[in-house]
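Novice: The listed protein sequences correspond, in order, to chains U and W.
The numbering used here puts the first residue of the first sequence at 1253, with every later residue one more than the last.
The numbering used here puts the first residue of the second sequence at 5, with every later residue one more than the last.
Here a beta-carbon is modelled for each residue, glycine too, at the ideal position from N, C-alpha and C.
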Amino acid sequence: MSSAAADVATATSAGTRLGRAISRVVLNRRWVTFAVVVAGWHLLALAVDIDLFPTPARVFDKILEALAGGLFFDQLADSMLRIVIGFGAGLVGGTVVGLLMGSRRFWNDFFQDLIVLGLSLPGLIYALLTVMIFGIGLTAPVVAIALASLPFVAVNIKEGVLALDKPMLEMCRVYRVGRGRLIRKVVAPSLLPFMMAAIRIGFTVAWKVAVLTEVFGATSGIGYQMRYEFQLFSVRGIMAWALLFGVVMLLIEYGLLIPLERHFGRWRPKLERVI
Amino acid sequence: MSGRPVVSIRDLVKVFSDGERELCVLPGISFDVIETSFVTIVGPSGSGKSTLLNIIAGLERQTRGSVDVRVAADVARLGYVFQSARLLPWLSVEDNLRFVRPADVEPKAFDGRLNRYLELVGLSKVRRKYPHQLSGGMQQRVGIARALSIEPVVLLMDEPFSHLDEITAEQMRQELLRIWRETRQTILFITHDMQEAVTLGDRLIMLDFGGNIVEDLGVELPRPRQFSDKAFVDFYADVVSRFHTMRKASESE
């Protein structure tokens, strides 16, 4: 922008900044989505008028109940522990497999079909098998989560390795850049966006499998709670827990993943400026 | 020619082979690059210019022949300026330079060099910026500063201005000549642009389509070299006519 244009922009922006801030919050498409869904749900509940299909307000009551008693946080903590261990293992294993597949022909051929199979197997199968094999306890969900998330991590990391900038690696060779520096300053930052994608996809898979495993083989956790509500035939209860679950996912996205991405992506051109 | 050679190339042959067919890009060429000289190699696309530079830089292996680069502190230190700047986008300008710090240079000592060469290419003020915040010409200056910062025995340049607009490219050529005068850095510069080759070099090596050296001329024109200067125009016209003679000869074969 030329300095004259910048001056004009500053002058006009002072007056409209508040207006823009308001419209940004009110007209933010996400809030609109949220409002439309809740309103539609409310109307639908009134229209069908079945006790089993509750209005948003009644589900919200149930949510408050779960929060106030502390039950939600206890169950969340139990689920979270399984996910952190299971997904941690899946992440490490998937990264190793992905690095091997991206850099060695042999390992690519070796894992290729297993990964395709792993990507397409429903999470339910992992859940059923691990519960039958390991019984109730920490092992079943951890193994199920690790196995289910590993292929998603592996394919992303492999793509990252293949996308490494060859001319840049040539530059490193000419300048005789050491292995350690090459990994820290070239390979790791290049793989980072792929790692973030891997974490995002892998983590959602981990959650789904964790809940499934808990439905069949746990005495605590969000999945266990879902089964409990199911046995009471409480649609309200299941909806409340599902919503709480969704909120946690969003909190992790906005509170952890996006800030992490911002932190590591400081060098990137700002999107607003590009458009 | 006087002075010591920093690069000696003898009977260099490069044949690319895909198992069935063979393609010879360098048929056995020899030349020396003398210390502090500015050598331009000009030739059409496919004459093996970039292959030659890549062999000198160790990115490719020759089929036959030898390349001797003078060794300093146990390693043949080479600076390379590529067609595109090849800067790491997530590192600031100064960190892009620090990235190539040789192991035997202390970080503090290297920062001294970094200041000197960023000053030399006129980029001291943008040292904390990221590459995407710089214009193409400025990025290429970073590439030059990076190459100089390792204090190479020879600075290899592979059509470094061919991606820039002509006005910026001309500015960069003048800058490069100033840097050459100030540092006495030996430069081996590759281009397909005959005018650029005549403007820059004090020696001009011309390759034909088969990668043979057809001309090896000293360019003893006064600097700055401009089109308003008759001696420059005459020399340039002479080089162009030699090129056309060469082209006709190769076509009639």
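Under three-state DSSP, which class holds residue 40(W)?
Specialist: It is coil, neither helix nor strand.
Novice: I'd like the span of the alpha helix (DSSP H) that includes residue 1372(U), first residue to last.
Specialist: Note, residue 1372(U): alpha helix (DSSP H), 1357-1372.
Novice: Which runs of the alpha helix (DSSP H), 4 residues or longer, sit entirely within the region 1384-1458 of chain U?
Specialist: Here the runs fully enclosed are 1391-1414, 1418-1426 and 1431-1434.
Novice: Which residue comes first and which comes last in the beta strand (DSSP E) that contains residue 179(W)?
Specialist: Unbroken run through residue 179(W) is the alpha helix (DSSP H), 170-187; no beta strand (DSSP E).
Novice: Does the beta carbon of residue 61(W) come closer than 7 Å to any beta carbon on chain U?
Specialist: By this cut-off, residue 61(W) is an interface position.
Novice: Measure the alpha-carbon distance for residue 1309(U) versus residue 1351(U) and round it to whole angstroms.
Specialist: About 49 Å.
Novice: Give the secondary structure of residue 197(W) by DSSP, where H, G and I count as helix, E and B as strand, and everything else as coil.
Specialist: Residue state, collapsed to three classes: coil.
Novice: Could you check whether the Cβ of residue 184(W) sits closer than 7 Å to any Cβ belonging to chain U?
Specialist: Not an interface residue.
Novice: With burial defined as no fewer than 16 other Cβ atoms inside 10 Å of the residue's Cβ, what is the status of residue 252(W): buried or exposed?
Specialist: By the neighbour-count rule (16 or more Cβ atoms within 10 Å), residue 252(W) is not buried but exposed.
Novice: In whole angstroms, what is the alpha-carbon distance linking residue 1516(U) and residue 36(W)?
Specialist: Distance between the alpha carbons of residue 1516(U) and residue 36(W) is about 47 Å.
Novice: On the criterion of 16 or more Cβ atoms from any shown chain inside 10 Å, does residue 160(W) qualify as buried, or is it exposed?
Specialist: So residue 160(W) ends up on the buried side.
Novice: In chain W, what lies closer than 7 Å to residue 1430(U) by C-beta?
Specialist: By Cβ distance, chain W contributes 107.
Novice: Please identify the residue among 1439(U), 1457(U), 1445(U) and 1405(U) whose C-alpha is closest to the C-alpha of residue 1513(U).
Specialist: It is 1445(U).
Novice: Could you give the distance in angstroms between the alpha-carbon of residue 1509(U) and the alpha-carbon of residue 88(W)?
Specialist: Whole-angstrom Cα-Cα distance: 33 Å.
Novice: By Cβ distance, which residues of its chain are closer than 6 Å to residue 125(W), with the 5 residues on each side in sequence left out?
Specialist: Excluding positions up to five away in sequence, the list reads 145, 148 and 149.
Novice: Note down the Cα distance separating residue 1314(U) from residue 1328(U), rounded to an integer number of angstroms.
Specialist: Answer to the nearest angstrom: the Cα atoms are 16 Å apart.
Novice: Under 8 Å Cβ-Cβ, which residues of chain W neighbour residue 1438(U)?
Specialist: Going along chain W in sequence order, the residues near residue 1438(U) (Cβ under 8 Å) are 92.
Novice: For residue 167(W), which of 17(W), 90(W) and 66(W) has the nearest alpha-carbon?
Specialist: Taking only the C-alpha atoms, the option nearest residue 167(W) is 90(W).
Novice: Would residue 97(W) and residue 130(W) qualify as a contact pair, given that the criterion is a beta-carbon distance under 7 Å?
Specialist: Yes, Cβ-Cβ distance for residue 97(W) and residue 130(W) is below 7 Å.
Novice: Where does residue 1253(U) land, buried or exposed, given buried means 16+ other C-beta within 10 angstroms?
Specialist: Residue placement at residue 1253(U) cannot be trusted, given a pLDDT of 42 that sits under 50; what the coordinates show is reported in the next sentence. By the 10 Å Cβ count, residue 1253(U) comes out exposed.
Novice: Of the residues that make up the region 1396-1428 of chain U, which ones have a beta carbon closer than 9 Å to any beta carbon in chain W?
Specialist: Residues 1417, 1419, 1420, 1422, 1423, 1424, 1425, 1426, 1427 and 1428.
Novice: Just the chain W side, please: which residues come within less than 8 Å of residue 1441(U) by C-beta, in chain order?
Specialist: Neighbours of residue 1441(U) on chain W, chain order: 92 and 94.
Novice: Under 9 Å between beta-carbons, which chain U residues line up against residue 165(W)? List them in chain order, please.
Specialist: By Cβ distance, chain U contributes nothing, its closest Cβ being about 17 Å from residue 165(W), past 9 Å.
Novice: Helix, strand or coil for residue 1282(U) per DSSP?
Specialist: Helix.
Novice: Exposed or buried, what is residue 1414(U) when buried is set at 16 or more other beta-carbons lying within 10 Å of its beta-carbon?
Specialist: That one is exposed.
Novice: Do the CB positions of residue 209(W) and residue 163(W) come within less than 7 Å of each other?
Specialist: Contact: no.
Novice: Give me the chain W residues within the contact set of residue 1511(U), using Cβ-Cβ distance strictly less than 7 Å, ordered along the chain.
Specialist: Within 7 Å Cβ-Cβ: nothing; residue 1511(U) doesn't reach chain W, min ~17 Å.
Novice: Applying the 10 Å Cβ sphere with the 16-neighbour rule, what's the burial state of residue 1392(U)?
Specialist: Per the 10 Å Cβ criterion, buried.
Novice: Return the chain-ordered list of same chain residues with a C-beta closer than 6 Å to the C-beta of residue 1363(U), the five sequence neighbours on each side being excluded.
Specialist: The residues are 1349 and 1353.
Novice: Assuming residue 1468(U) and residue 1380(U) make a contact with CB atoms under 8 Å, what is their CB distance in whole Å?
Specialist: Yes, they are in contact, since the Cβ atoms of residue 1468(U) and residue 1380(U) sit about 7 Å apart, within 8 Å.
Novice: Along the region 132-145 of chain W, where does the CB come closer than 9 Å to a CB of chain U? Name the residues.
Specialist: Listed by position along the chain: 134, 135, 136 and 137.
Novice: Return no unless some Cβ of chain W is closer than 7 Å to the Cβ of residue 1521(U).
Specialist: Taking Cβ atoms only, chain W reaches closer than 7 Å to residue 1521(U), which makes this a yes.
Novice: Tell whether a beta-carbon distance below 7 Å holds between residue 173(W) and residue 83(W).
Specialist: Not in contact: residue 173(W) and residue 83(W) (Cβ atoms no closer than 7 Å).
Novice: On the DSSP bridge assignment, give the partners of residue 120(W) in chain order.
Specialist: Per DSSP, none; premise fails for residue 120(W).
Novice: With distances taken Cα to Cα, identify the nearest neighbour of residue 29(W) among 67(W), 93(W), 13(W) and 119(W).
Specialist: Looking at the Cα atoms, 67(W) is the closest of the given residues.
Novice: Would you check if the distance between the CB atom of residue 1396(U) and the CB atom of residue 1336(U) is smaller than 7 Å?
Specialist: Contact: no.
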